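Engineer:
Residue numbers (the numbering used here): 18 to 153.
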């Protein structure tokens, strides 16, 4: 679904058909219509034929990829919905990756680096105190 700046639907399109257990989708195809329609944001949705709307690892990976691509294009991915049947875990019959907290890519772990400060003293203790760990 394509949305304007007021979050009203301005269009929608079928992007891809999948096999029984997989759908191949490329960010280029997802965002192409949004760019042409001058959309402000998009919502994507797909179904799980099994009826279980729980997101797979691939669903989460693709969502993170689309969030990064949308960020570069200034075309926000508002949500990724997975349609299924009502079950214990998903009583509404769908899963919202935004509601589940999967919409944002994982933060990269910061790498620690050692920075050597200028020595201020001559004793062994003072020299070791001059080494400081700084995180990026």
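Yeah, the Cβ is synthetic: ideal placement off N, Cα and C, and Gly gets one too.
All values derive from a computational prediction rather than experimental measurement.
Decide if the stretch 65–75 is in contact with the stretch 97–107; the criterion is three or more beta carbon pairs, one per stretch, under 8 Å apart.
Structural biologist: Yes, the stretch 65–75 touches the stretch 97–107.
Engineer: For residue 25, tell me which candidate among 43, 60, 44, 50 has the shortest Cα-Cα distance.
Structural biologist: Looking at the Cα atoms, 60 is the closest of the given residues.
Engineer: Please report how far the alpha carbon of residue 49 lies from the alpha carbon of residue 30, in whole angstroms.
Structural biologist: Those two C-alpha atoms are separated by around 11 Å.
Engineer: For residue 65, which residues does DSSP report across the bridge?
Structural biologist: Residue 65 pairs with nothing; no bridge assigned.
Engineer: Taking the beta carbon of residue 34 as the centre, do at least 16 other beta carbons fall within 10 Å, making it buried, or is it exposed?
Structural biologist: Per the 10 Å Cβ criterion, exposed.
Engineer: For residue 118, tell me which candidate among 108, 65, 76 has the shortest Cα-Cα distance.
Structural biologist: Residue 118 has its Cα closest to that of 76, out of 108, 65, 76.
Engineer: What first and last residue would you give for the beta strand (DSSP E) that runs through residue 97?
Structural biologist: Taken as a continuous stretch (DSSP letters only), the beta strand (DSSP E) holding residue 97 covers 93–100.
Engineer: Just to confirm my understanding: we take residue 111, look at its own chain, exclude 5 residues before and 5 after, and list those with CB closer than 7 Å. What are they?
Structural biologist: Once the five neighbours on either side are set aside, the close Cβ partners of residue 111 are 70, 98, 99, 100, 101.
Engineer: Suppose you measure from the CA of residue 86 to the CA of residue 116; what does that come to, to the nearest Å?
Structural biologist: Going from the Cα of residue 86 to the Cα of residue 116 covers about 20 Å.
Engineer: Residue 80: buried (16+ other C-beta within 10 angstroms of its C-beta) or exposed?
Structural biologist: Counting Cβ neighbours within 10 Å, residue 80 comes out buried, since at least 16 surround it.
Engineer: Alpha carbon to alpha carbon, what distance is there between residue 121 and residue 52?
Structural biologist: Their Cα atoms are separated by approximately 21 Å.
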